[in-house]
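Residue numbers (the numbering used here): 33 to 200.
Glycine is no exception: its CB is placed at the ideal position from the N, C-alpha and C atoms.
Note that this is a predicted model, so its numbers are computed, not measured.
First the structure, in the form of C-alpha coordinates, and then the observations on it.
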(Lines of atoms letter the chains of each structure in order from A and count residues from 1; the text may use other names and numbers.)
(Lines give C-alpha, C1' and ligand atoms only; values in the text may rest on other atoms or scores of the structure.)
Protein backbone atom coordinates (compact mmCIF):
# COMPACT_ATOMS: atom_id res chain seq x y z
CA UNK A 1 0.00 0.00 0.00
CA UNK A 2 1.29 3.46 -0.89
CA UNK A 3 1.19 5.85 2.03
CA UNK A 4 0.98 9.57 2.52
CA UNK A 5 4.19 11.52 2.40
CA UNK A 6 5.45 14.78 3.83
CA UNK A 7 8.56 16.93 3.70
CA UNK A 8 10.31 19.01 6.35
CA UNK A 9 13.04 21.51 5.45
CA UNK A 10 16.40 21.52 7.17
CA UNK A 11 17.18 24.92 8.71
CA UNK A 12 19.95 27.45 8.99
CA UNK A 13 19.82 30.27 11.50
CA UNK A 14 21.59 33.27 10.02
CA UNK A 15 21.22 35.62 13.04
CA UNK A 16 20.04 35.13 16.60
CA UNK A 17 20.74 31.41 17.06
CA UNK A 18 20.78 31.34 20.86
CA UNK A 19 19.02 34.62 21.63
CA UNK A 20 15.81 33.47 19.89
CA UNK A 21 15.13 31.14 22.85
CA UNK A 22 14.91 34.24 25.08
CA UNK A 23 12.57 36.18 22.78
CA UNK A 24 15.03 37.94 20.47
CA UNK A 25 14.51 37.98 16.72
CA UNK A 26 16.17 35.38 14.53
CA UNK A 27 16.72 35.42 10.81
CA UNK A 28 16.50 31.85 9.53
CA UNK A 29 16.15 29.83 6.35
CA UNK A 30 14.36 26.60 5.59
CA UNK A 31 16.71 24.82 3.20
CA UNK A 32 15.61 22.96 0.08
CA UNK A 33 17.18 19.81 1.57
CA UNK A 34 15.52 18.08 4.47
CA UNK A 35 13.58 15.00 5.54
CA UNK A 36 10.84 13.06 3.74
CA UNK A 37 8.49 10.75 5.62
CA UNK A 38 6.07 8.18 4.25
CA UNK A 39 3.29 7.09 6.61
CA UNK A 40 1.14 4.00 6.30
CA UNK A 41 -1.42 2.59 8.72
CA UNK A 42 0.48 0.42 11.15
CA UNK A 43 1.68 -0.15 14.69
CA UNK A 44 3.90 2.89 15.30
CA UNK A 45 7.19 1.74 13.77
CA UNK A 46 9.64 4.53 12.86
CA UNK A 47 12.68 3.76 10.70
CA UNK A 48 15.35 6.33 9.76
CA UNK A 49 18.08 4.14 8.26
CA UNK A 50 20.47 7.04 7.55
CA UNK A 51 20.47 7.99 11.24
CA UNK A 52 20.47 4.43 12.59
CA UNK A 53 17.00 4.83 14.13
CA UNK A 54 14.61 1.91 14.44
CA UNK A 55 12.02 2.90 17.06
CA UNK A 56 8.42 2.26 18.01
CA UNK A 57 5.74 4.34 19.67
CA UNK A 58 5.74 3.29 23.31
CA UNK A 59 9.30 1.95 23.38
CA UNK A 60 10.54 4.70 25.73
CA UNK A 61 12.92 6.19 23.15
CA UNK A 62 12.86 9.90 22.39
CA UNK A 63 11.76 9.23 18.81
CA UNK A 64 9.00 6.86 19.95
CA UNK A 65 7.80 9.33 22.59
CA UNK A 66 7.94 12.31 20.20
CA UNK A 67 5.99 10.37 17.57
CA UNK A 68 3.31 9.39 20.09
CA UNK A 69 2.87 13.04 21.13
CA UNK A 70 2.79 14.22 17.50
CA UNK A 71 0.15 11.66 16.50
CA UNK A 72 -1.97 12.47 19.58
CA UNK A 73 -1.84 16.19 18.81
CA UNK A 74 -3.02 15.48 15.26
CA UNK A 75 -5.71 13.05 16.41
CA UNK A 76 -4.15 10.52 14.03
CA UNK A 77 -4.29 6.78 14.48
CA UNK A 78 -1.28 4.48 14.54
CA UNK A 79 1.12 4.90 11.63
CA UNK A 80 4.36 3.33 10.51
CA UNK A 81 6.93 5.77 9.14
CA UNK A 82 9.75 5.23 6.65
CA UNK A 83 12.07 8.22 6.64
CA UNK A 84 14.57 9.38 4.00
CA UNK A 85 16.87 12.24 4.88
CA UNK A 86 19.20 14.59 3.02
CA UNK A 87 20.55 16.18 6.21
CA UNK A 88 22.59 14.71 9.05
CA UNK A 89 21.25 14.38 12.57
CA UNK A 90 22.73 16.46 15.40
CA UNK A 91 24.52 18.91 13.09
CA UNK A 92 22.59 22.10 13.88
CA UNK A 93 20.41 21.82 10.78
CA UNK A 94 17.10 21.31 12.59
CA UNK A 95 16.94 17.57 11.94
CA UNK A 96 14.43 16.85 14.72
CA UNK A 97 12.10 19.62 13.52
CA UNK A 98 12.46 18.52 9.89
CA UNK A 99 11.66 14.95 10.97
CA UNK A 100 8.62 16.07 12.99
CA UNK A 101 7.29 18.28 10.17
CA UNK A 102 7.71 15.51 7.61
CA UNK A 103 5.94 13.02 9.88
CA UNK A 104 3.16 15.48 10.73
CA UNK A 105 2.51 16.24 7.08
CA UNK A 106 2.49 12.52 6.24
CA UNK A 107 0.14 11.62 9.11
CA UNK A 108 -2.23 14.62 9.10
CA UNK A 109 -5.62 14.60 7.47
CA UNK A 110 -5.86 16.39 4.14
CA UNK A 111 -6.39 20.11 4.62
CA UNK A 112 -4.82 20.30 8.09
CA UNK A 113 -3.76 23.92 8.63
CA UNK A 114 -0.25 25.12 9.46
CA UNK A 115 -1.19 26.12 13.03
CA UNK A 116 -2.30 22.56 13.79
CA UNK A 117 0.83 21.12 12.19
CA UNK A 118 3.05 23.52 14.16
CA UNK A 119 1.31 22.61 17.42
CA UNK A 120 1.88 18.90 16.76
CA UNK A 121 5.51 19.52 15.78
CA UNK A 122 5.92 21.58 18.96
CA UNK A 123 4.79 18.57 21.01
CA UNK A 124 7.45 16.42 19.35
CA UNK A 125 10.15 19.11 19.61
CA UNK A 126 9.48 19.47 23.36
CA UNK A 127 10.56 15.83 23.78
CA UNK A 128 13.90 16.56 22.09
CA UNK A 129 14.58 20.09 23.37
CA UNK A 130 12.47 20.79 26.46
CA UNK A 131 11.29 24.32 25.71
CA UNK A 132 12.22 25.13 22.10
CA UNK A 133 11.78 28.60 20.64
CA UNK A 134 9.83 27.30 17.63
CA UNK A 135 12.21 28.71 15.01
CA UNK A 136 13.34 25.26 13.87
CA UNK A 137 9.76 24.06 13.48
CA UNK A 138 8.70 27.22 11.62
CA UNK A 139 11.63 27.05 9.20
CA UNK A 140 11.10 23.30 8.69
CA UNK A 141 7.42 23.86 7.90
CA UNK A 142 7.60 27.03 5.81
CA UNK A 143 10.94 26.92 3.98
CA UNK A 144 12.48 30.03 2.46
CA UNK A 145 13.98 32.86 4.48
CA UNK A 146 12.10 34.45 7.34
CA UNK A 147 12.14 36.50 10.50
CA UNK A 148 11.09 34.66 13.66
CA UNK A 149 10.36 35.77 17.21
CA UNK A 150 9.02 33.46 19.91
CA UNK A 151 5.36 34.30 20.48
CA UNK A 152 5.05 36.09 17.13
CA UNK A 153 6.03 33.29 14.78
CA UNK A 154 7.45 33.27 11.28
CA UNK A 155 7.24 36.04 8.72
CA UNK A 156 8.64 35.22 5.31
CA UNK A 157 10.88 37.99 4.00
CA UNK A 158 8.49 38.57 1.12
CA UNK A 159 5.75 39.38 3.69
CA UNK A 160 7.74 41.88 5.77
CA UNK A 161 7.18 45.61 5.68
CA UNK A 162 10.51 46.99 4.42
CA UNK A 163 10.31 49.71 7.10
CA UNK A 164 10.48 47.11 9.89
CA UNK A 165 14.06 46.19 10.86
CA UNK A 166 14.84 42.48 10.47
CA UNK A 167 16.42 42.25 13.89
CA UNK A 168 14.26 44.78 15.77
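Query, Result
"Give the DSSP-derived three-state secondary structure of residue 59 in the structure shown.", "strand"
"When the Cα of residue 205 is compared with those of 180, 145 and 97, which residue comes out closest?", "This structure does not reach residue 205, given that the chain is present from 33 up to 200, and the question cannot be answered."
"Distance, Cα to Cα, residue 73 vs residue 87?", "16 Å"
"Check whether the Cβ atoms of residue 115 and residue 68 sit closer than 9 Å, and answer yes or no.", "yes"
"Three or more beta-carbon pairs under 8 Å between the segment 102-110 and the segment 52-69, yes or no?", "no"
"Between 188, 187, 126 and 157, which has its C-alpha nearest residue 97's C-alpha?", "157"
"What is the DSSP secondary structure of residue 165, counted as helix, strand or coil?", "coil"
"Please classify residue 122 as buried or exposed, where buried requires at least 16 neighbouring CB atoms within 10 angstroms.", "exposed"
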